[in-house]
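There are 2 protein chains.
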Amino acid sequence: MKNLEPSIQAFILHFGEMGSHWGINRTVGQIYALLYVSDAPLNAEQITDALGLSRSNVSMGLKELQSWRLVQSQHLPGDRKDYFSTPENVLDIALTLLEERRKRELDPTLTLLRQTLMEKPGSEKEKHAHERMQQMCDLMEQVSDWAEDLQRLSRTDLELLLKFGNKIPRLLEMKGKLSIMGKKKR
Amino acid sequence: MKNLEPSIQAFILHFGEMGSHWGINRTVGQIYALLYVSDAPLNAEQITDALGLSRSNVSMGLKELQSWRLVQSQHLPGDRKDYFSTPENVLDIALTLLEERRKRELDPTLTLLRQTLMEKPGSEKEKHAHERMQQMCDLMEQVSDWAEDLQRLSRTDLELLLKFGNKIPRLLEMKGKLSIMGKKKR
DNA sequence: CATTAGTTTCAGTAATTACTGAAACAACCG
DNA sequence: CGGTTGTTTCAGTAATTACTGAAACTAATG
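In order, the protein sequences belong to chains W and V. In terms of our numbering, the first sequence has 43 at position 43, counting the first letter as 1, and numbering is strictly consecutive. All you need for our numbering is the position in the second sequence, starting with 1, plus 1000.
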């Protein structure tokens, strides 16, 4: 890893580590971190040089990041190389991440749970297991719905919502007054 | 893996896979899934038998789960063995998971970012990088605060909040009316 | 305090996952 | 076309991570 300011290098290394706690491989995390802080789109060769990885490794990493829709590629005029960059706004990044993880992990799990719960349990043990799965299924559906709703909000609304934070309890106090909210069943 | 009903087996296998997408190793995921659906606490030997793992592997897995505070151990009267179980309520499980991940991943990242941002950037490139890190830092702080606030809610309030879901936009419409909310600066 | 029942640790090994370089492929250009 | 520049694929290898069995440890029991 060369020609990188120490603070940038630390950031990149940290994200590599974080990645590996999140089921994303280290170099993919590093590539993303580099693109994230870079002030201009980078081509694969520049990434290779900056991080000291093999060209093919970078290529695979970029492909993976594209499959997550976390990087965009573009061509600069007069240059045949592909240049990669991350979205300007961190919120967009977070939302994309949320959506992809939902698609890849939550949804398949829900599918499995729902399928299983269609069938009658054959024993007492299985009956209990199904009850537990039902609880999990309910929670996951709610989380999934929440996430879906977040996707739909405008960025302004999202920013607003994020600022709420410690106002949540106060918000809940008002539930009584918002009769409108309890009316429809989900 | 023996003596397990097919639907339970599928559940356990699925969670093993999920685990590996989440930086948790497969067998740890399986152990957790087994305990989660079990109708009574299990000792290490029972887990070993049910999943076909080595005794020591189970021991390490349980230790890991305990470090995440995701399983509890207890002694049954007249038996020296340790018996393991998961919390009754899925919400509690989810909250614990959220809190631990915050502690282990979000907080250290925030620490690094804040440290870095204390220093003056030395170049234009670094200046841009710092701006990006600042954005990420801000978002992470908000998310961290949100999570912290969630921890504090009662279970009833949490269940209520989860049901909101698609009511979020309607909630935001009211922001104007809730002058109380915008008063304090964060 | 020796025996038994249970748990944990750890060095060695197996399995998985990540990385590489060479070759194939693709697109552009004169 | 044939050459040039750039990208992707993939089989082999390296590195990492997970798993095991044997031994060490711990605590209760007669």
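Each residue gets a CB set at the ideal place from its N, CA and C atoms; glycine is no exception.
In this structure, what does DSSP give as the bridge partners for residue i?
i         : result
His1075/V : Asp1082/V
Asn188/W  : Past the edges of chain W, shown from 1 to 186, lies residue 188/W, and the structure says nothing about it.
Among the candidates the options, whose CA atom is the shortest distance from the CA of residue i?
i         : options                                       : result
Gly1061/V : Leu1110/V, Ile1024/V, Glu1099/V and Glu1100/V : Ile1024/V
Glu1119/V : Gly52/W, Ile8/W, Lys2/W and Asn3/W            : Ile8/W
Glu131/W  : Ser1038/V, Asn1057/V and Ala1010/V            : Ser1038/V
His128/W  : Glu1088/V, Arg1102/V and Arg1026/V            : Glu1088/V
Ile1031/V : Ser1123/V, Gly1078/V, Asp1079/V and Tyr1083/V : Tyr1083/V
Arg1101/V : Trp22/W, Leu95/W, Ser154/W and Gln72/W        : Trp22/W
Gly1019/V : Ala40/W, Leu91/W and Arg104/W                 : Arg104/W
Ser85/W   : Leu53/W, Ala44/W, Glu5/W and Asp79/W          : Ala44/W
Phe15/W   : Glu1148/V, Asp1149/V, Leu1162/V and Met1133/V : Met1133/V
Gln1066/V : Ile1093/V, Gly1052/V, Ala1040/V and Ser1054/V : Ile1093/V
Asp1149/V : Phe164/W, Leu42/W and Trp146/W                : Phe164/W
Rounded to a whole number of angstroms, what is the C-alpha to C-alpha distance between residue i and residue j?
i         : j         : result
Leu1110/V : Thr1156/V : 31 Å
Met1181/V : Glu99/W   : Residue placement at Met1181/V is flagged as unreliable, the pLDDT there being 49, under the threshold of 50; the coordinate-derived value follows with that caveat. Computed Cα separation, rounded: 29 Å.
Glu1064/V : Tyr36/W   : 33 Å
Gln1142/V : Gln1135/V : 11 Å
Leu1112/V : Ala1050/V : 43 Å
Gln115/W  : Ser59/W   : 38 Å
Met1001/V : Ser1073/V : 23 Å
Leu34/W   : Ile12/W   : 6 Å
Glu1154/V : Leu106/W  : Rather than Glu, the amino acid found at residue 1154/V in this sequence is Ser. Spanning the two alpha carbons is a distance of roughly 25 Å.
Val1090/V : Leu76/W   : 50 Å
Arg1026/V : Glu1159/V : 30 Å
Thr96/W   : Met140/W  : 19 Å
Asn57/W   : Glu5/W    : 23 Å
Glu124/W  : Lys167/W  : 44 Å
Leu53/W   : Ala10/W   : 17 Å
Gly78/W   : Arg69/W   : 26 Å
Lys1185/V : Leu162/W  : No answer about Lys1185/V holds up, because its pLDDT of 43 lies below 50 and its placement is not dependable.
Pro1121/V : Asn3/W    : 15 Å
Arg1055/V : Pro108/W  : 31 Å
Leu42/W   : Asp1138/V : 25 Å
Ser1179/V : Ala40/W   : Because Ser1179/V sits at a pLDDT of 47, beneath the cut-off of 50, its placement in the model cannot be relied upon, and the following sentence gives the value as read from the coordinates. Straight-line Cα distance between these residues: approximately 41 Å.
Arg28/W   : Lys1081/V : The question names Arg, but residue 28/W in the sequence shown is Val. Looking at the two C-alpha atoms, the distance is approximately 44 Å.
Lys183/W  : Gln151/W  : Legend: pLDDT at Lys183/W = 46, less than 50; position of this residue unreliable, value from coordinates given subsequently. The straight-line gap from Cα to Cα measures roughly 24 Å.
Gln1046/V : Trp1146/V : 39 Å
Glu1190/V : Thr1048/V : Residue 1190/V lies beyond the range of chain V shown here (1001 to 1186); nothing can be said about it.
Val71/W   : Ser1144/V : 25 Å
Glu1017/V : Glu17/W   : 21 Å
Leu1117/V : Leu117/W  : 50 Å
Flag residue i as yes when its Cβ comes closer than 7 Å to any non-hydrogen atom of the ligand FAD, and as no otherwise.
i       : result
Ala10/W : This structure simply doesn't include the ligand FAD, nor any ligand for that matter.
>> My parser needs the alpha helix (DSSP H) runs of 4 or more residues fully inside the stretch 77-149 of chain W; what are they?
In response: 90-101 and 107-118
> Residues in the stretch 1022-1045 of chain V with C-beta within 7 Å of chain W's C-beta atoms, listed in sequence order?
Replying inline: Trp1022, Gly1023, Tyr1036, Val1037 and Asp1039
>> At a CB distance below 9 Å, what residues from the stretch 54-77 of chain W approach chain V? Give them in sequence order.
In response: none
> Along the stretch 8-22 of chain W, what residues have a CB closer than 8 Å to any CB found in chain V?
Replying inline: Ile8, Ala10, Phe11, His14, Met18, Ser20, His21 and Trp22
> Which residues, in order along the stretch 1084-1109 of chain V, keep a beta-carbon less than 7 Å from a beta-carbon of chain W?
Replying inline: Val1090, Leu1091, Ala1094, Glu1105 and Thr1109
> Going along the chain, which residues of the stretch 141-161 of chain W sit with their C-beta nearer than 7 Å to a C-beta in chain V?
Replying inline: Gln142, Asp145, Trp146, Asp149, Leu153, Asp157, Leu160 and Leu161
>> Please identify, using Cβ separations under 7 Å, the residues of the stretch 127-139 of chain W that lie next to chain V, in order along the chain.
In response: His128, Ala129, Arg132, Met133, Gln135, Met136 and Leu139
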